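Chemist: Position 36 of the sequence shown, counting from 1, maps to 36 under the UniProt record's numbering, and the rest follow consecutively.
Ideal Cβ positions, reconstructed from N, Cα and C, are used throughout, including at glycine.
As the structure is a computational prediction, the values presented were derived from the model and not from experiment.
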Amino acid sequence: MFWTVIVIVVVSALKLLITCLPNTVVEWLHGKFKLHPTLSIDSAIVKRNGSTIEGEEKAQIIEAFNKATFLDQYYVHDGNRTHYLNLERNKTPIIIHSVNGKHTFELLIYGYSDHVDVVKKSKKKVLAYRMLSDEFQTNMHVS
1 MFWTVIVIVV VSALKLLITC LPNTVVEWLH GKFKLHPTLS IDSAIVKRNG
51 STIEGEEKAQ IIEAFNKATF LDQYYVHDGN RTHYLNLERN KTPIIIHSVN
101 GKHTFELLIY GYSDHVDVVK KSKKKVLAYR MLSDEFQTNM HVS
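1. Below 8 Å on the Cβ atoms is my contact criterion, and I expect Y74 with Y110 to pass it. Report the Cβ-Cβ distance as a whole number of Å.
2. I45 and A59: beta carbons closer than 8 Å?
3. Give the secondary structure of H97 by DSSP, where H, G and I count as helix, E and B as strand, and everything else as coil.
4. My assumption, with CB atoms under 8 Å, is that S98 sits in contact with L39. Please give the rounded CB distance.
5. Is it buried or exposed for V9, if we count other Cβ within 10 angstroms and need 16 for buried?
6. Use the C-beta contact count for H64: other C-beta atoms within 10 angstroms, 16 or more gives buried, fewer gives exposed.
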């Protein structure tokens, strides 16, 4: 009887802890699995046509990326990975190299009139997703 009560108390405490996590823990867990990262100006290198972009234009591009709304993720597998790495032959993407903690990744940003395609490359993975960004779609950040 004693051990039954102890088990019920421990299980109830674990249930309360799991279902009522503090906001900082929830934000940390959400950030670990977030597909659309939040970039900082200090840790990002922005390139277009092979030349590095600095100053106000770099800040505008990173701010536009951070404000963008995530729409949906594309399914990338071994058979179509090269398609996503070379989306448009006639468009030059904006390339952003960034470091998030211990992870280094590269973002290829292709703008269209109705959406923006982003390809996120890390050491082992290629992920692709679509987002909405008024700045990228209207202000010709992506050529």
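Modeler: Result, derived from the coordinates:
1. Not really, about 12 Å apart at Cβ, beyond 8 Å.
2. no
3. strand
4. 6 Å
5. exposed
6. Note that residue 64 corresponds to Ala in the displayed sequence, not to His. When all chains shown are included, A64 counts as buried.
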